[in-house]
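Below you'll find the structure, written out as structure tokens, and then a few comments.
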Amino acid sequence: MLVLRDPAALRRWRCSLPPGVRLGFVPTMGNLHEGHIALVRAAQQVSDTVVVSIFVNPLQFNDAADLARYPRTEAADLVALNTAGVDAVFLPSVEQLLPPAGAAVRIDPGALAAPWEGALRPGHFAGMATIVAKLLNVVAPGVAVFGQKDFQQLAIVRAMVQSLDFPVELIGCPTERADDGLALSSRNRFLTEQERAVAPLLYRQLNAAAAALSAGQPTESVIAQAQAALSAAGFVVDYFALCDQSTLAPTTSLDHSVLLTAARLGAVRLLDNLLL
Ligand code: AMP
36 MLVLRDPAAL RRWRCSLPPG VRLGFVPTMG NLHEGHIALV RAAQQVSDTV
86 VVSIFVNPLQ FNDAADLARY PRTEAADLVA LNTAGVDAVF LPSVEQLLPP
136 AGAAVRIDPG ALAAPWEGAL RPGHFAGMAT IVAKLLNVVA PGVAVFGQKD
186 FQQLAIVRAM VQSLDFPVEL IGCPTERADD GLALSSRNRF LTEQERAVAP
236 LLYRQLNAAA AALSAGQPTE SVIAQAQAAL SAAGFVVDYF ALCDQSTLAP
286 TTSLDHSVLL TAARLGAVRL LDNLLL
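The sequence shown begins at 36 in this note's numbering and counts up one residue at a time.
Below, the structure written as structure tokens:
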């Protein structure tokens with residue numbers, strides 16, 4: 036497995052691949068878990084060569100403390116990627132990848148970035164989209180794989196690729212979960228033992244809400260019930276909403292919809308969603 040830190044070296048390697056090779060790309064922020072490895076496997080299924088990037092993107096953190104404590108586990112990540120049969124890992128430094136200060140051009144992530152995570156984390160999606168655009172330009176993959184766990188992120192990346200004609204196919208992968216249903220996330224390690232025991236309730240409430248909606252119960256009361264159950268268990272719910280999968284606008288229709296939620300448990304913010 037090649038480990039490349041310099042964007043110029045990555046480009047040279049990219050150019051050395053035989054013409055016609057389909058390159059698969061999985062962008063990550065490291066601290067890899069089975070969710071990331073599932074993306075690698077999906078990329079391997081649809082491409083000839085797979086490159087994974089590890090870059091903790093300062094532009095998408097709006098809280099310096101959150102950025103500082105984000106887990107960095109490079110040695111273990113490289114072992115996991117090597118075991119998974121990845122061909123190359125791209126590990127640029129912050130200085131190498133950030134747009135030049137002062138004259139930097141940033142991606143405007145558009146209307147899909149306004150609600151939900153975008154409303155609570157100003158600048159988060161602009162920072163994410165800017166770095167994803169840079170990574171796509173440096174890596175030039177034929178196909179890039181993202182997780183549906185970050186549903187709004189995937190929707191914005193799709194919109195960016197379509198709006199700006201990036202020559203890449205996008206694949207969204209289902210969320211990998213622990214046996215009790217908790218979506219795998221690099222932030223789960225910050226849950227206390229007690230919080231970890233409560234955390235699967237988020238996914239249970241998504242399923243309960245989906246069942247109640249399918250049974251014809253009114254959206255407003257289903258959402259209120261879910262929020263009340265989560266609050267009673269100690270969550271601080273940022274949002275729990277039924278949205279259209281394409282526009283992310285709130286809806287009461289089950290057609291082409293998704294339940295999106297974010298809730299805090301102690302110091303940890305958990306994100307999850309369920310496609311209906
Ligand atoms: P991150 O390293 O958290 O920025 O995530 C990198 C990629 O992995 C993103 O496309 C995420 O959506 C995806 N991802 C994170 N957690 C999971 C999971 N539990 N299941 C599937 N994909 C995931």
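Cβ atoms here follow ideal geometry from the backbone N, Cα and C, with glycine treated the same way.
What you are looking at is a predicted structure, and each value in this text was computed from that prediction instead of being measured.
Per DSSP, reduced to three states, the secondary structure at F270 is coil, with no helix or strand assignment.
Near the ligand AMP, meaning a Cβ closer than 6 Å to any of its heavy atoms, lie the following residues in chain order: T63, M64, G70, H71, A73, L74, F181, G182, K184, D185, C208, T210, E211, A218, L219, S220 and S221. According to the DSSP secondary-structure assignment, S292 is paired through a beta bridge with D279. Separation of the CB atoms of S266 and V257 is rounded to 15 Å, and the pair is thereby denied contact status at 8 Å. Within a 10 Å sphere around the beta-carbon of Q252 sit fewer than 16 other beta-carbons, which makes this residue exposed. Around the CB of N242, fewer than 16 other CB atoms lie within 10 Å, so the residue is classed as exposed. DSSP, read as helix, strand or coil, puts D200 in coil.
L39 is bridged by DSSP to F125.
When rounded, the separation of the alpha-carbon atoms in L58 and Q197 is 19 Å. The beta carbon of G301 sits closer than 6 Å to those of E230, all from its chain and outside the five residues before and after it, given in chain order. Inclusion of L306 and S292 in the CB contact set at 8 Å is not warranted, their separation being larger than that value.
Taken in chain order, the whole beta strand (DSSP E) runs of length 3 or more contained in the segment 59–107 are 84–89. Counting only the Cα atoms, L74 lies some 15 Å from A123. When rounded, the separation of the alpha-carbon atoms in L132 and D101 is 20 Å. In the DSSP secondary-structure assignment, P176 is not bridged to any residue.
For V114, the uninterrupted alpha helix (DSSP H) segment begins and ends at E109 to T118.
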